[in-house]
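S.K.: Numbers given in our numbering equal positions in the sequence shown, counted from 1, plus 1.
Before anything else, here's the structure in question.
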Amino acid sequence: MDFVADADEDTYEEIEQWVNRIERSPFITGDYTEQDEDHRELQVLVLGRVAVSYWIDHAMREVRVARIEASGGR
């Protein structure tokens, strides 16, 4: 996750906001969905300049983050 490692302070704060948001409501619906290479449906949540792709592993009761990347937003 080079994007996270290279993030400036503002972007890192946006990532932190996402983590807090998903922690409060793990079943939140993303802004849109996409499929990964295993045909799993990923929720994509966009917060400012950050897009986070994730899925809920119901059996393990975990949120699995597939990708964090720049969204192209402001």
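Glycine included, each C-beta is placed from N, C-alpha and C at the ideal position.
All figures in this text were calculated on a predicted structure; none of them were measured in a lab.
What does DSSP give as the partner residues of Q44 in its beta bridges?
M.R.: Start at 1 with the first residue of the sequence shown, and residue 44 comes out as number 43. In DSSP, Q44 forms a bridge with T34 and Y55.
S.K.: Contact check, I16 vs V51 under 8 Å by CB: the rounded distance?
M.R.: The sequence position of residue 16 within the sequence shown is 15, counting from 1. The sequence position of residue 51 within the sequence shown is 50, counting from 1. Right, the Cβ-Cβ distance comes to about 6 Å (below 8 Å), so this counts as a contact.
S.K.: Out of curiosity, what's the CA-to-CA distance linking H59 and E10?
M.R.: By one-based count along the sequence shown, residue 59 stands at place 58. By one-based count along the sequence shown, residue 10 stands at place 9. Cα to Cα, H59 sits roughly 32 Å from E10.
S.K.: Assuming W56 and L43 make a contact with CB atoms under 8 Å, what is their CB distance in whole Å?
M.R.: Your numbering for residue 56 matches position 55 in the sequence shown. Your numbering for residue 43 matches position 42 in the sequence shown. Their Cβ separation, rounded to whole angstroms, is 5 Å, which keeps W56 and L43 in contact under 8 Å.
S.K.: Enumerate in chain order the residues of its own chain whose CB-to-CB distance from R68 is below 7 Å, with the five nearest sequence positions on each side excluded.
M.R.: Counted from its first residue, the sequence shown places residue 68 at position 67. Closer than 7 Å at Cβ, skipping near neighbours: S54.
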